[in-house]
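What follows is a single structure, written as structure tokens, with notes after it.
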Amino acid sequence: MRNLLPPGGSIYLSDARLPGVPREVNFSVKLDPILFLCSITHGLLMLIKTPFFALTLFAIGCLGCAGCQQADSPETGSIPETSDTAPPKLPLPFTPEDAMPIEEHSTASPVPEQSFSVALVYSSGYTIKLGGLEKLHPFDIAKYEKIHRQLLTDGVIADGITLSPKSLTDEDLRLVHTQDYLKRLTKRENIARYLEADALLLVPMSLEKAVLQPFRLASGGTLLAARECLESGIGINLGGGYHHAKPDIGEGFCLYADVPIAIRKLQQERLIKKALVIDVDAHQGNGTAVCLADDDSTFTFSMHQRDIYPIPKEQSDLDVELKSGDGDDLFITMMEEHLEDVFLQSDADICFIVGGCDPLAGDPLANLEMTHEGIKKRDAIIVENCVKRNIPVVLTLSGGYSQDAWRAQYLSVRNLIETYGMKE
Ligand SMILES: [Zn+2]
Numbered sequence: 245m246r247n248l249l250p251p252g253g254s255i256y257l258s259d260a261r262l263p264g265v266p267r268e269v270n271f272s273v274k275l276d277p278i279l280f281l282c283s284i285t286h287g288l289l290m291l292i293k294t295p296f297f298a299l300t301l302f303a304i305g306c307l308g309c310a311g312c313q314q315a316d317s318p319e320t321g322s323i324p325e326t327s328d329t330a331p332p333k334l335p336l337p338f339t340p341e342d343a344m345p346i347e348e349h350s351t352a353s354p355v356p357e358q359s360f361s362v363a364l365v366y367s368s369g370y371t372i373k374l375g376g377l378e379k380l381h382p383f384d385i386a387k388y389e390k391i392h393r394q395l396l397t398d399g400v401i402a403d404g405i406t407l408s409p410k411s412l413t414d415e416d417l418r419l420v421h422t423q424d425y426l427k428r429l430t431k432r433e434n435i436a437r438y439l440e441a442d443a444l445l446l447v448p449m450s451l452e453k454a455v456l457q458p459f460r461l462a463s464g465g466t467l468l469a470a471r472e473c474l475e476s477g478i479g480i481n482l483g484g485g486y487h488h489a490k491p492d493i494g495e496g497f498c499l500y501a502d503v504p505i506a507i508r509k510l511q512q513e514r515l516i517k518k519a520l521v522i523d524v525d526a527h528q529g530n531g532t533a534v535c536l537a538d539d540d541s542t543f544t545f546s547m548h549q550r551d552i553y554p555i556p557k558e559q560s561d562l563d564v565e566l567k568s569g570d571g572d573d574l575f576i577t578m579m580e581e582h583l584e585d586v587f588l589q590s591d592a593d594i595c596f597i598v599g600g601c602d603p604l605a606g607d608p609l610a611n612l613e614m615t616h617e618g619i620k621k622r623d624a625i626i627v628e629n630c631v632k633r634n635i636p637v638v639l640t641l642s643g644g645y646s647q648d649a650w651r652a653q654y655l656s657v658r659n660l661i662e663t664y665g666m667k668e
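Per our numbering, the sequence shown starts with residue 245, numbered consecutively.
Listed below in structure tokens is the structure:
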């Protein structure tokens, strides 16, 4: 059963992809009644093809609704419905070798010891707003906003200190994604499928503006945090970490492979040579693994729960699998066991952390039973290891689906800011 649900009802997860996951998550949402009615009408329009009824319903339901536009561009009719189910591994649209011989790279000066401070990247534009319908999705899209607000409320950051990113351009996206995939993203059904959100079929507004734009902006946030960390040592994007997006398909709530794109962009600009991705989200960074496969200039390390999505897994340069219920101590011990080797093998001059907080106990999509303290410690240890080695580091937020997921990440981000200070 798909995860389309009535207001105040229950969400049924895509259980075929998530074995061992609770099959039903209760929730309560308050919908904008006008938008909801309009959405229903819109949905009927899509179902009823008879012109007479369609026109009648349109007149009744959508009168006055200026936002009732399809996301689909005029081109979409000619977009072939191909390769969504079994995407082949395609050659990357861009490789570092396309830009220059690797020995000719001139990397940025290493960050001097003792000078690590945090550059924080955020925009209110990360939040997807669909008149309440966004709350039907298990991902709390408001978590970015909640973390930012709490940092301000608690006086951890001053107003106006965050850096505002720009959206990734089409050219940026093409560093990793295929043109065919980007074309498919102009079609509402594809966006709904990649995000596992059938409710998007009913949203009476342009998905380009309402959905793609926030994803592009948050992905641009990862790029900005990466640029900034080359100077400040630590960049934190209060968003991003879309580690399931592959060159030719989106999945698992991810549309754009923000981390691989940031890596390619910085390589193209000769700011870095080699990059390390440490993915500690509960789900494998399968998209990152595919985007950066067979590439000596990158190293992908994913720690994840074995028996949940994605199944089958892709192959990272190093995969460490955990069992349901493993908890803080085991997670952190296993991570620490591998960090030394990972840094050594990657020889990286930048490290990206995909720091999802779905290992947190109570998460409806994973069962790693970690605590707030464990998540905070996990992130702090990785950053410490980067600082110790003088490697600039970027933290992205990625997944996390429990009610207090945002709080776990807030505590982690707060800890990093209090430890290293904000960039002046
Ligand atoms: Zn996850």
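Beta carbons: idealized from backbone N, C-alpha and C, even for Gly. Just so you know, these numbers come straight off a predicted model, no measurement behind them.
- In the DSSP assignment, the residues bridged to K490 are I493.
- The alpha-carbon of C601 is positioned some 30 Å away from that of K431.
- In this structure L588 is exposed. Its beta-carbon is surrounded by fewer than 16 other beta-carbon atoms within 10 angstroms.
- At a Cβ-Cβ threshold of 7 Å, C595 and I635 count as neighbours.
- Contact between the stretch 650 to 661 and the stretch 610 to 625 is present: three or more C-beta pairs spanning the two stretches fall below 8 Å.
- Beyond the five residues adjoining it in sequence on each side, Q394 comes within less than 7 Å, by CB distance, of Y654 in the same chain, given in chain order.
- With contacts defined by Cβ atoms closer than 7 Å, G531 and H487 form a contacting pair.
- Not one heavy atom of ligand 1 sits closer than 6 Å to the Cβ of H392.
- A residue is listed when its beta-carbon falls short of 7 Å from at least one non-hydrogen atom of ligand 1; in chain order these are D525, A526, H527, G600, D602, L609, A610, S642 and G643.
- As DSSP reads the structure, N481 sits in a beta bridge with V365.
- L374 is positioned such that its CB atom lies no closer than 7 Å to that of G483.
- In this structure, the CA atom of Q528 is about 18 Å from the CA atom of T577.
- The continuous stretches of alpha helix (DSSP H) do not include M547, which lies in the beta strand (DSSP E) extending over residues T542 to Q549.
- A direct Cα-to-Cα measurement between E513 and Y388 gives close to 29 Å.
- Counting along the chain, C595 sits inside the beta strand (DSSP E) bounded by residues I594 to V598.
- Segment contact: the stretch 497 to 516 against the stretch 659 to 667, fewer than three CB-CB distances shorter than 8 Å; contact not assigned.
- In the three-state scheme derived from DSSP, where H, G and I count as helix and E and B as strand, L467 is classed as helix.
- Taken atom to atom, the span from the alpha-carbon of G571 to that of S476 is near 33 Å.
- Counting other Cβ atoms within 10 Å of its Cβ, I597 reaches 16 or more and is therefore classed as buried.
- CA-CA distance, S450 to D416, rounds to 22 Å.
- Annotated three-state conformation of D502 is helix, per DSSP.
- Annotated three-state conformation of V586 is helix, per DSSP.
- In this structure, D538 is the residue among G569, D384 and D538 with its C-alpha nearest to the C-alpha of E558.
- Here T397 is exposed. Its C-beta has fewer than 16 other C-beta atoms within 10 Å.
- Taking all protein chains in view, the Cβ of I555 is surrounded by fewer than 16 other Cβ atoms within 10 Å, so the residue is classified as exposed.
- Counting C-beta pairs closer than 8 Å gives fewer than three between the stretch 607 to 614 and the stretch 444 to 461, which falls short of the contact rule.
- Around the C-beta of S359, fewer than 16 other C-beta atoms lie within 10 Å, and the residue is accordingly described as exposed.
- Leaving aside the five residues that flank D502 on each side, the residues in its chain whose CB is nearer than 6 Å to its CB run, in chain order, S463, T466, G484 and Y486.
- Around R633, the same chain offers F587 as residues with beta carbons nearer than 8 Å, after the five sequence neighbours per side are excluded.
- Here the C-alpha atom of C535 lies approximately 18 Å from the C-alpha atom of T413.
- The straight-line gap separating the alpha-carbon atoms of L474 and L446 is approximately 43 Å.
- With fewer than 16 other Cβ atoms from the protein chains shown falling within 10 Å of its own Cβ, D585 counts as exposed.
- Leaving aside the five residues that flank V365 on each side, the residues in its chain whose CB is nearer than 6 Å to its CB run, in chain order, L407, P409, G465, L468, A469 and N481.
- For D416, the uninterrupted alpha helix (DSSP H) run begins and ends at D414 to L417, by DSSP.
- Counted as a single uninterrupted DSSP element, the beta strand (DSSP E) harbouring L639 occupies residues V637 to T640.
- I405: not part of any alpha helix (DSSP H); DSSP gives it neither H nor E.
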